[in-house]
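Residue numbers (this note's numbering): 379 to 552.
The C-beta atom is built at its ideal place from N, Cα and C for all residues, glycine as well.
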Amino acid sequence: MKLIMILIVMALAVNTTSYAQTSISDLEPEAYFDFWVGEWELSWTDNQGNAGEGTNTIEKILDGVVIQENFEATRGALEGYKGRSVSVYNPQLQSWHQAWVDNQGGYIDLKGSVDGDKRIFQTAERPGPQGGTIISRMVFYDIEKDSFTWDWESSQDGGESWSLNWRILYQRVK
Numbered sequence: 379m380k381l382i383m384i385l386i387v388m389a390l391a392v393n394t395t396s397y398a399q400t401s402i403s404d405l406e407p408e409a410y411f412d413f414w415v416g417e418w419e420l421s422w423t424d425n426q427g428n429a430g431e432g433t434n435t436i437e438k439i440l441d442g443v444v445i446q447e448n449f450e451a452t453r454g455a456l457e458g459y460k461g462r463s464v465s466v467y468n469p470q471l472q473s474w475h476q477a478w479v480d481n482q483g484g485y486i487d488l489k490g491s492v493d494g495d496k497r498i499f500q501t502a503e504r505p506g507p508q509g510g511t512i513i514s515r516m517v518f519y520d521i522e523k524d525s526f527t528w529d530w531e532s533s534q535d536g537g538e539s540w541s542l543n544w545r546i547l548y549q550r551v552k
């Protein structure tokens, strides 16, 4: 009986350790976005104070090399909005890349990077809606095993300063 209890305690300790958040410095670049894989419930408040909710299912496909995202807004002003992305680490370029498409005809091409413990996908500079240029980026931060925060930001000064457009709180589905 004592041996069984020891084995149970050891199994629980190993299982708990495997779920601990890994520091970015301990990861290979190919694994920088592995934290994102899973089923997520999303919540946000828009600029007018309206609540929104959605789901996002992230899975590895194509022999575990590509990350596929399946986003859907299920409540609020964006209800019915759907998007998909594929993200991949390109070893020849030594960088992450993402292509996003949505049910409104949108397409966004982004390049990945890391800033401390933040993971970032950013667009190239492009013409802005009111003239000038704009850069957009998504920032993943406060990354824990079962939660993280995602921001969609834009810059009209070449990335010197950033404005928050949308913040989503991710909670892993248990």
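If I follow the unbroken beta strand (DSSP E) through residue i, where does it start and stop?
i, result
"Y548", "S541 to R550"
"S491", "Y485 to D493"
"K496", "K496 to Q500"
"S482", "Looking at the sequence shown, residue 482 is not Ser but Gln. First-last for Q482: undefined, no H or E at that position."
Look up residue i in the DSSP assignment and give the residues it is bridged to.
i, result
"W449", "This sequence places Phe at residue 449; Trp is not what is there. Partner(s): N434 and G461."
"Y410", "DSSP output for Y410 lists no bridge partner at all."
"E531", "R515 and L542"
"A429", "T423"
"V443", "DSSP lists no partner for V443."
"V466", "V444 and H475"
If we define contact as Cβ-Cβ less than 8 Å, is residue i a contact residue for chain D?
i, result
"Q534", "Protein chain content of the structure displayed is limited to a single chain, and chain D is not contained in it."
Any idea if residue i is buried or exposed, counting beta-carbon neighbours within 10 angstroms, 16 or more meaning buried?
i, result
"K380", "Since pLDDT at K380 reaches only 46, below the 50 mark, its modelled position is unreliable, and no value is offered."
"S465", "buried"
"Y485", "exposed"
"N543", "exposed"
"A477", "exposed"
"E447", "buried"
"E531", "buried"
"L440", "exposed"
"S539", "exposed"
"A451", "buried"
"G490", "buried"
"S473", "exposed"
"R497", "buried"
"Y463", "In the sequence under discussion, the amino acid at residue 463 is Ser, which differs from the Tyr named in the question. Buried, by the Cβ-count rule."
Can you tell me the Cβ-Cβ gap for residue i and residue j, rounded? I've got them flagged as a contact below 8 Å.
i, j, result
"G506", "Q470", "32 Å between Cβ atoms; not a contact."
"D524", "Q549", "7 Å"
"I436", "G416", "6 Å"
"F449", "K438", "Actually they are not in contact, since the Cβ atoms of F449 and K438 sit about 16 Å apart, beyond 8 Å."
"F413", "I445", "Wrong, their Cβ atoms sit about 11 Å apart, outside the cutoff."
Compute every distance between the C-beta of residue i and the non-hydrogen atoms of the ligand ZN, then say whether any falls below 7 Å.
i, result
"F413", "Annotation note on the ligand ZN: not contained in the displayed structure, which lists no ligands."
_I'd like to know if the region 431–446 and the region 510–522 are in contact, where contact means that at least 3 CB-CB pairs between them fall below 8 Å._
no
*Touch check for the region 416–426 and the region 491–510: three-plus C-beta pairs under 8 Å?*
no
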